[in-house]
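Residue 298 in my numbering sits at position 57 of the sequence shown; the count goes up by one each step and never skips. From the three backbone atoms N, C-alpha and C, an ideal C-beta is built for every residue, glycine too. Encoded as structure tokens, the structure appears first; notes follow it.
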Amino acid sequence: MAKVYLIPGLGNDVRIFSNLIPLLLEQDVCCLEHLEPLSVKESIESYAQRLVDGIPDLEEPPVLIGMSLGGTIATEMAKRMPYRKLILISSFKHQTEVPLLFKIGRKIPLYRFVPTWYIRLIVPLFAWLLGICTKEESKLLKLMLYARTASHFAWGREAVVHWDNMDYPAEFIHINGTKDHIFKRSEKQATHLIKGGTHNMVLDRAEEIAEIINKEAFDF
């Protein structure tokens with residue numbers, strides 16, 4: 242069996258995987274919690290290298306599981322370390338999958354003017370109102386958002402909008418939901434689609450996601 246490293250998304254922590262972890266066949270699981278960025282301009286490449294440098298033992302290639310921003314970080318980590326399988330959830334992995342909103346953001350970076358307090362207040366509320374998550378899951382999102390610093394949000398938005406990966410990873414599984422409107426462009430290149438799955442489906446569709454991971458990553 243292989244060790245598993247989880248990489249959460251922007252504004253998230255290990256709690257985003259709380260429904261998934263108990264369902265995984267491999268229980269040697271560690272969440273790589275977010276590091277404070279060196280600066281707002283730190284690249285995902287640099288950030289990923291710092292995470293890799295912090296892993297104590299890489300003799301046995303692990304399984305990398307990244308959600309949303311964590312998926313892009315995991316993709317960069319996979320370039321810098323041995324791994325058994327790369328699993329991306331609600332994410333994107335290549336320049337051909339860059340969302341239109343991100344492309345616009347590169348030219349007109351209006352996201353820089355959105356304050357952290359607004360993100361913490363609005364994101365959980367809209368996620369619930371739009372049916373992306375339940376009321377209880379909305380409360381969880383709010384708790385995670387309040388646990389992250391303003392510099393984390395400023396860095397994460399900047400880094401993911403400007404990430405432009407040119408290389409397809411090897412040994413990957415890409416799981417997206419058909420109602421993930423953030424990474425809709427990834428749908429055509431995902432290896433697995435969860436019908437009706439939203440951007441936060443790792444919370445409410447954990448059984449289906451775990452079934453895919455257990456079959457594809459742990460059935461050796």
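Relative to the Cα of Lys282, the nearest Cα in the group Ala400, Lys348, Lys376 belongs to Ala400.
Here the region 291 to 303 makes no contact with the region 376 to 392; the two share fewer than three CB pairs at distances below 8 Å. Two segments are said to touch when three or more pairs of C-beta atoms, one from each, lie closer than 8 Å; by this definition the region 312 to 321 touches the region 404 to 416. Exposed is the label assigned to Lys429, since fewer than 16 other Cβ atoms lie within 10 Å of its Cβ. With a 10 Å radius around the Cβ and a threshold of 16 neighbouring Cβ atoms, Pro356 comes out exposed.
Boundaries around His415 are those of the beta strand (DSSP E), 413 to 418, since no alpha helix (DSSP H) includes it. Collapsing the DSSP output to three states places His433 in a strand. Apart from sequence neighbours up to five positions away, the residues of its chain that approach Asp405 with a beta-carbon distance below 6 Å are Gln336, ordered along the chain.
In the structure shown, Val402 adopts helical secondary structure according to DSSP, grouped into three states. With fewer than 16 other CB atoms across the displayed protein chains lying within 10 angstroms of its CB, Pro263 is exposed. Between the C-alpha atoms of Thr419 and Leu384 there is a straight-line separation of about 26 Å.
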